[in-house]
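*Asks:* Dumping the structure here so I can ask a few things about it.
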Amino acid sequence: SPSHQWAPSHQWHHPPPPPPPVVVEPTPTPSPHPPPVPVQAPPPVQAPPPVQAPPPVQAPPPVQAPAPPPANNSPPAAKGGSESGSSSKPSGEVHNGDLTYYDLGLGACGFDDSGLDHTDNIVALSHLMMGTQSNGNPYCDKTITVKVGSKTVQARVRDKCMGCEREAIDCSEKMFLELFGSLEAGRRPVEWWFNN
């Protein structure tokens, strides 16, 4: 018998339902984050300027009581009364040198002091200080103070010492004895300065 090819009846080959469309959502490109804006710190609160304290009232300076005149421990002025004991403090440069003594006579300043060795305080300054001028030399007849320890003696420049170092001085025997009590040493270091 003829073979029937059965076509399946009513069998529709439905294509499988299409898969639901895959919605590809575009991946959002992350927008670059803006750099974080730094938070501005609030400006520091300005402290009010300190109240200026009124300047302290200046106390009036204490009234200086007049200083009593310094006690004068200087020996009596040498003969002539021209040497003053009030010049016991140097008013100018203090010199340091050796003191020696010599026999007085006619000095470079033009004064004849012969015989005054034991009565007057007379000195000769170094030729290095007085220079070449003799009579009328500006150092002639100036007074000086010579100090040894606590002792001071006033003397007058009347001569020039040719063998003395620059700040050494030569003096009368009276003056050397007054300072050292003896002529034995012959040479002693002293301080001295001009009074005028």
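Residue numbers (full-length UniProt numbering): 1 to 196. Don't be surprised by glycine CBs; every beta carbon is placed ideally from N, CA and C.
#1: What are the complete beta strand (DSSP E) segments, minimum 3 residues, inside the region 133-193?
#2: Over what stretch of residues does the beta strand (DSSP E) that includes His-95 continue unbroken?
#3: If you draw a straight line from the alpha carbon of Phe-194 to that of Tyr-139, how long is it in whole angstroms?
#4: Under the DSSP definition of a beta bridge, which residues are partnered with Ala-124?
#5: For Val-94, does the count of other Cβ atoms within 10 angstroms reach 16, so buried, or fall short, so exposed?
#6: Using only CA atoms, which one of Thr-132, Ile-122, Asn-196, Lys-142 lies nearest to Thr-100?
#7: Could you tell me which of Asn-135, Gly-107, Asn-196 sits nearest to Cys-161, measuring between CA atoms?
#8: Which same chain residues, not among the five before or five after Phe-111, have their C-beta less than 6 Å away from its C-beta?
*Replies:* Quick look at the numbers:
#1: 143-148, 151-161, 169-171
#2: Counted from its first residue, the sequence shown places residue 95 at position 95. It spans 95-101 - the beta strand (DSSP E) in which His-95 sits, taken as one unbroken run.
#3: Taking the sequence shown and counting its residues from 1, one reaches residue 194 at position 194. Taking the sequence shown and counting its residues from 1, one reaches residue 139 at position 139. Phe-194 and Tyr-139: Cα-Cα distance of roughly 10 Å.
#4: Looking up residue 124 in the sequence shown gives position 124. Looking at the DSSP assignment, Ala-124 forms a beta bridge with Asp-159, Asp-170.
#5: Position 94 of the sequence shown, counted from the first residue, corresponds to residue 94. Flag for Val-94 reads exposed.
#6: Along the sequence shown, one-based indexing puts residue 100 at 100. Ranking Thr-132, Ile-122, Asn-196, Lys-142 by Cα distance to Thr-100 puts Ile-122 first.
#7: Here residue 161 corresponds to residue number 161 of the sequence shown, with the count starting at 1. It is Gly-107.
#8: The residue you call residue 111 lines up with position 111 of the sequence shown. Excluding positions up to five away in sequence, the list reads Arg-158.
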